[in-house]
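Residue numbers (the working numbering): 61 to 332.
Structure representation (structure tokens):
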């Protein structure tokens, strides 16, 4: 009865099932691994000392920014140059703007420095003049998925929606570090901006999305197996019905349809 499983059509179904199940299991295991990595990094971050309490080190020794160096105090010297506002940022539940000032180092490259936060409609204070020494908590460049980022553009001159080298290099005629720092203490009239946790290091919504995707992929694998058994059973039942005469044969159905169709009698010739 199950000889139909060896037909070319069913061989195609078998191949699809044998390929789909390992793919679903692999993707589910990969998503589960990503969630476990996030849990481990979260636990390690909780046990590790606060990065901000560690000794300040030269900026160059902490680059590029990663989960190990994010939040570490970075020391750099230079002169403040162009200043921008980063609107739509929240501090202590209030919406305002970051005051972002570029610090040009001796090598000519500039480091974005968030000197503080000001309420909406407040004028940003001018940066200190002359050469200064800055120590701030190191942060990775923002991207379109970072909190508070305005990736739509259309901001007036003097404002930027994202703190990143890619966004700032188009506004100034010199190179910009692919990182930024936030000062732990701000000048009068500004509120310090707290450093953010490194990306992909905590049990946030994205971490639990990985866990949800894990369940989805394993459900897909089970669904493929279920559908294979369902199709096999359906085909077997159709063959059983045909052997018992419960299902009409295609040729017999066509013959019955032809026999039941009334034939039209030839019309008699009209009298001349």
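Built from N, CA and C at the ideal position, the CB exists for glycine as well.
For residue i, which residues from the same chain have a beta carbon less than 7 Å from its beta carbon, with the 5 sequence-adjacent residues on both sides left out?
{"i": "residue 269", "result": "none"}
{"i": "residue 267", "result": "95 and 98"}
{"i": "residue 123", "result": "239"}
{"i": "residue 273", "result": "91"}
Looking at residue i and the ligand ATP, is the gap between the Cβ and the nearest heavy atom below 7 Å?
{"i": "residue 204", "result": "The ligand content of the structure shown is nil, which means the ligand ATP is not present either."}
Could you name the residues of the same chain whose beta carbon sits closer than 6 Å to that of residue i, not counting the 5 residues immediately before and after it, in chain order?
{"i": "residue 204", "result": "211"}
{"i": "residue 236", "result": "170, 225, 228 and 229"}
{"i": "residue 87", "result": "277"}
{"i": "residue 137", "result": "193"}
{"i": "residue 222", "result": "202 and 209"}
{"i": "residue 84", "result": "277, 280 and 281"}
{"i": "residue 68", "result": "none"}
{"i": "residue 271", "result": "95"}
Taking the beta carbon of residue i as the centre, do at least 16 other beta carbons fall within 10 Å, making it buried, or is it exposed?
{"i": "residue 162", "result": "buried"}
{"i": "residue 202", "result": "buried"}
{"i": "residue 193", "result": "exposed"}
{"i": "residue 130", "result": "buried"}
{"i": "residue 199", "result": "buried"}
{"i": "residue 287", "result": "exposed"}
{"i": "residue 281", "result": "buried"}
{"i": "residue 285", "result": "exposed"}
{"i": "residue 132", "result": "buried"}
{"i": "residue 258", "result": "buried"}
With a CB to CB cut of under 8 Å and the five nearest residues on each side skipped, what residues in its chain are close to residue i?
{"i": "residue 207", "result": "256"}
{"i": "residue 140", "result": "161, 162, 163, 164, 173, 187, 188, 189 and 192"}
{"i": "residue 215", "result": "147 and 221"}
With distance defined between alpha-carbon atoms, name the residue in the options nearest to residue i.
{"i": "residue 156", "options": "143, 290, 137 and 181", "result": "181"}
{"i": "residue 197", "options": "232, 76, 242 and 185", "result": "242"}
{"i": "residue 248", "options": "159, 84, 132 and 305", "result": "159"}
{"i": "residue 153", "options": "145, 143, 144 and 178", "result": "178"}
{"i": "residue 234", "options": "168, 68, 146 and 176", "result": "168"}
{"i": "residue 127", "options": "148, 100, 115 and 147", "result": "100"}
{"i": "residue 147", "options": "246, 183, 117 and 80", "result": "183"}
Going by DSSP, what residues sit across from residue i in a beta bridge?
{"i": "residue 199", "result": "240"}
{"i": "residue 194", "result": "136"}
{"i": "residue 219", "result": "145"}
Q) Taking the runs of the beta strand (DSSP E) that are 3 residues or longer, which of them lie wholly in the region 104-179? A) 133-151, 154-164 and 170-179
Q | Runs of alpha helix (DSSP H) wholly within the region 239-287 (minimum 4 residues, chain order) | A | none
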